[in-house]
Amino acid sequence: MRKRQQLNTSETKRGQGLLWLFGVILSIQGFGSAITEAGWNTSFGVAGLLRAADVPEWGTLLVGCAGAALLATAARRRYAKGRGA
Numbered sequence: 180m181r182k183r184q185q186l187n188t189s190e191t192k193r194g195q196g197l198l199w200l201f202g203v204i205l206s207i208q209g210f211g212s213a214i215t216e217a218g219w220n221t222s223f224g225v226a227g228l229l230r231a232a233d234v235p236e237w238g239t240l241l242v243g244c245a246g247a248a249l250l251a252t253a254a255r256r257r258y259a260k261g262r263g264a
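Per this note's numbering, the sequence shown runs over residues 180 to 264.
Set out below in structure tokens:
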């Protein structure tokens, strides 16, 4: 029983870390691409790929918002875990 509980804890930590990682990556790529494109008229990363696929300019902001949502989910899970839930 205890071994199974340790395995679940390890998987939870790994999943939590992935939420933080993907949230940060998507936030930087989305919002950073939008800022770079607006300020310097150039695109990188996600924005470059989205432009090649003929996605509107606000598509990069959606990527940034998806990253922010992942970060909020990760923070909420961490807070709930700290409260004993």
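Note that CB positions come from ideal geometry on N, CA and C, so glycine has one too.
Buried or exposed by the 16-neighbour rule on C-beta atoms within 10 Å, applied to residue i
i: residue 253; result: buried
i: residue 231; result: exposed
i: residue 246; result: buried
i: residue 197; result: exposed
i: residue 259; result: exposed
i: residue 251; result: exposed
Whole-number beta carbon distance between residue j and residue i, since they are thought to touch under 8 Å
i: residue 205; j: residue 234; result: With 8 Å as the limit, residue 205 and residue 234 do not qualify as a contact, their Cβ atoms being about 15 Å apart.
i: residue 239; j: residue 194; result: Contact flag wrong, Cβ pair sits at about 26 Å.
i: residue 212; j: residue 224; result: 6 Å
Host alpha helix (DSSP H) of residue i (start-end)
i: residue 226; result: 225-231
Nearest neighbour of residue i, chosen from the options [CA to CA]
i: residue 200; options: 249, 256, 236; result: 249
i: residue 217; options: 236, 207, 228; result: 236
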